[in-house]
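Numbering (the working numbering), first residue to last: 103 to 277. Positions of the beta carbon are idealized from the N, C-alpha and C atoms, including for glycine. Shown next, in structure tokens, is the structure this report addresses.
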Amino acid sequence: YKPFENENMREAEVIAPSVSQLIRLEGYPEKLQYVQFIRFQGISFMHNNYELPAGEPGDQQASNGVPGAIWAKGARHCVFDRCVFKNLGTYAVELGEGCWDNEFRDNEIARIAAGGFRITGGDAENAPVRRNGRTKIIDNRIHHLGEVFHSAVGILIGHSEGNTVSHNEIHHLYY
């Protein structure tokens with residue numbers, strides 16, 4: 103045993119994230135089984151990890167292949183209010199197939215490897231239960247994104263309808 107020569111190193115905080123998803127809200131919209139009416143308020147979601155699959159350059163438009171730390175399929179009427187999403191190695195939030203009437207209000211999303219919100223559902227050729235919509239993204243502070251995946255965006259919405267995106271402060275992105 104050799105004692106520390108530098109007194110400042112006697113104590114250190116070490117963060118070693120090992121999972122890519124912090125929360126999975128997994129319903130089965132094709133069976134009409136949903137995750138519903140869950141409210142997350144004042145919670146900090148921090149420190150996850152993501153590694154690209156072998157051979158994947160990670161440079162798709164909007165870093166579309168990078169998943170979300172908060173992942174949902176078949177989630178309805180869920181709310182994230184005054185939460186913090188910080189120091190994440192992925193997108194902060196990903197809403198997939200069958201997600202309807204979810205709300206993200208007054209959150210801070212900062213220091214993210216990819217982007218803030220990734221909302222995609224089934225397209226017009228898919229069954230209506232696989233589509234998504236009516237997501238509200240309101241009064242959020244979304245900044246310092248794309249720190250690893252430079253093509254990521256603050257809010258990505260595709261194959262979705264009737265959404266409200268308003269009064270968000272979005273800054274410090276590469277794309």
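Option in the options with minimal Cα separation from residue i
i, options, result
"SER120", "ARG126, GLY144 and TYR152", "TYR152"
"ALA226", "TYR276, SER262, PHE187 and GLU128", "SER262"
"ILE239", "VAL186, HIS252, ASN228 and ILE257", "ILE257"
Under 8 Å between C-beta atoms of residue i and residue j
i, j, result
"ILE211", "PHE187", "yes"
"ASN242", "ASP208", "yes"
"GLY260", "THR222", "yes"
"SER268", "GLN163", "no"
"GLU249", "ARG220", "no"
Rounded straight-line distance, which links the Cα of residue j to that of residue i
i, j, result
"SER122", "MET148", "11 Å"
"GLY217", "ARG126", "18 Å"
First and last residue of the uninterrupted beta strand (DSSP E) at residue i
i, result
"VAL195", "193-197"
"VAL267", "266-268"
"TRP173", "170-175"
"ILE239", "238-240"
Three-state secondary structure assigned by DSSP to residue i
i, result
"ARG184", "coil"
"ARG232", "helix"
"GLU263", "strand"
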